[in-house]
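Worksheet for the structure shown next.
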Amino acid sequence: MHYEGIIIRPPSEANSILLQITVGCSRNRCTFCGTYKAERFRIKPDSLIQEDIAFAAKHFQHQRRVFLCDGDALIVPQRRLLGILQEIGKQLPWVTRVGVYANAKSLRKKALNQLKELKAHGLRIAYVGLETGDDGVLQRIDKGATAEEMILLGRKVKEAGIKLSITVILGIAGRERSKIHAEETGRVLSAMDPDYVGALSLMLIPGTPLYREYASGVFPLLEPDEMLRELRTMIARTDLSGGLFHANHASNYLPIRARLPKDKASTLRLIDEALAGKVPLRPEYLRTL
Ligand code: SF4
Numbered sequence: 000m001h002y003e004g005i006i007i008r009p010p011s012e013a014n015s016i017l018l019q020i021t022v023g024c025s026r027n028r029c030t031f032c033g034t035y036k037a038e039r040f041r042i043k044p045d046s047l048i049q050e051d052i053a054f055a056a057k058h059f060q061h062q063r064r065v066f067l068c069d070g071d072a073l074i075v076p077q078r079r080l081l082g083i084l085q086e087i088g089k090q091l092p093w094v095t096r097v098g099v100y101a102n103a104k105s106l107r108k109k110a111l112n113q114l115k116e117l118k119a120h121g122l123r124i125a126y127v128g129l130e131t132g133d134d135g136v137l138q139r140i141d142k143g144a145t146a147e148e149m150i151l152l153g154r155k156v157k158e159a160g161i162k163l164s165i166t167v168i169l170g171i172a173g174r175e176r177s178k179i180h181a182e183e184t185g186r187v188l189s190a191m192d193p194d195y196v197g198a199l200s201l202m203l204i205p206g207t208p209l210y211r212e213y214a215s216g217v218f219p220l221l222e223p224d225e226m227l228r229e230l231r232t233m234i235a236r237t238d239l240s241g242g243l244f245h246a247n248h249a250s251n252y253l254p255i256r257a258r259l260p261k262d263k264a265s266t267l268r269l270i271d272e273a274l275a276g277k278v279p280l281r282p283e284y285l286r287t288l
């Protein structure tokens, strides 16, 4: 397979065939994100993508899922993206799910009927970084969309029949707006009603604008108990119609996996016990991105 730069994928795509169709991220401006800072965004040549699909057809016959890398592969123009999905369908007929990262920019460009067309050709899940539902923080971290727009974009994905997985970041608001961030994120998640929510805990990446804000004393990093309080408020404010709320990423202090609304009360109880020191937190040296 032809991989360029840093390849990342959601934890749930650990066993997927990673097919890189773009390099970098077409936005590449979020102040906390250092993943693609060294890359100029580009779509890979069709010839390379075809070679990789042919390679996967020969060597990855036991993997049922494909994940399209990089940062927001949904940005690939509709006709090319459809061609890639058709080729996957033809050469890898055992694949049951294709996933992709998407951001506000790429979701804005795809009309509902185009998303439905992608779904019909195998696209089954889109991973979207919301990070926060607080407009003040969205602006500060330069996500390039408002909370209300993110709700509409998320609903569009769901209406197309594509599963929606949303990432939010504990600690991204700093200390002053921590409560507003948690409350507003719960509100936006409830309005979007995604199938999955993944809550990560902020880890600062050297070289990013947010790291520089931290180093100069402008942005504070929350303590573990402050992140947990944020998580508690967020979950208390989130009403899903059966979605899965994960906070079991390796960056988190307390692993959580809750089906909402069913597990809400027990999850809040677990967080309260952790805050009271009755449940051990993941030690700092074991946290990673
Ligand atoms: S849209 Fe995602 S990948 Fe791109 S810069 Fe922002 S956080 Fe990073």
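Heads up, the sequence shown is in numbering that gives the first Met the number 0, so the first residue is 0 and it goes up one at a time. Even glycine gets a Cβ: it sits at the ideal position worked out from N, Cα and C. Remember, it's a predicted structure, so these values are computed and weren't measured experimentally.
Who are residue i's beta bridge partners in DSSP?
i, result
"GLY98", "PHE66 and ILE124"
"VAL354", "The question about residue 354 has no answer, for the chain in this structure spans 0 to 288."
"ILE16", "VAL65"
"LEU243", "TYR195 and ARG258"
Please state the DSSP three-state secondary structure of residue i.
i, result
"LYS162", "strand"
"GLU130", "strand"
"ILE140", "coil"
"ILE171", "coil"
"ALA198", "strand"
"ALA235", "helix"
"THR184", "helix"
"TYR2", "coil"
"ASP224", "helix"
"ILE270", "helix"
"ALA275", "coil"
"VAL156", "helix"
"ASN27", "coil"
"PHE54", "helix"
"LEU84", "helix"
"PRO208", "helix"
"GLN60", "coil"
"ARG281", "coil"
"ARG79", "helix"
"ALA190", "helix"
"ASN251", "coil"
"PRO9", "coil"
"GLY135", "helix"
"SER177", "helix"
Are there any heavy atoms of the ligand SF4 lying less than 6 Å away from the beta-carbon of residue i, as far as the coordinates show?
i, result
"GLY128", "yes"
"GLY70", "yes"
"ARG39", "no"
"ARG139", "no"
"ALA8", "Going by the sequence as given, residue 8 is Arg instead of Ala. It does not: the Cβ of ARG8 is nowhere closer than 6 Å to a heavy atom of the ligand SF4."
"ARG26", "yes"
"ASN102", "yes"
Our contact map puts residue i next to residue j with C-beta atoms below 8 Å; I'd like the distance itself, whole angstroms only.
i, j, result
"LEU18", "LEU67", "6 Å"
"ARG139", "ALA181", "That pair is no contact at about 16 Å."
"ASN112", "ARG26", "Actually they are not in contact, since the Cβ atoms of ASN112 and ARG26 sit about 24 Å apart, beyond 8 Å."
"THR207", "GLY70", "Between GLY70 and THR207 the Cβ distance is about 14 Å, and since that is not below 8 Å, they are no contact."
"LYS109", "LEU73", "7 Å"
"SER161", "LYS118", "Note on identity: in this sequence residue 161 is Ile, with Ser being the wrong assignment. Indeed, because the Cβ distance is near 5 Å, the residues count as touching under 8 Å."
"ILE20", "VAL75", "6 Å"
"LEU169", "ALA198", "6 Å"
"VAL22", "LYS43", "6 Å"
"LEU163", "MET149", "Actually they are not in contact, since the Cβ atoms of LEU163 and MET149 sit about 11 Å apart, beyond 8 Å."
"LEU239", "ASP192", "6 Å"
"GLU183", "GLY132", "4 Å"
"SER200", "TYR126", "Their Cβ separation, rounded to whole angstroms, is 18 Å, which puts SER200 and TYR126 out of contact at 8 Å."
"ILE52", "GLU3", "Their Cβ separation, rounded to whole angstroms, is 17 Å, which puts ILE52 and GLU3 out of contact at 8 Å."
Is residue i close to chain B, meaning its C-beta is less than 7 Å from at least one C-beta of that chain?
i, result
"GLU183", "In summary, chain B is missing from the structure at hand, where a single protein chain is found."
Taking 6 Å as the cut-off, is the CB of residue i close to at least one heavy atom of the ligand GTP?
i, result
"LEU18", "The model depicted lacks the ligand GTP and carries the ligand SF4 instead."
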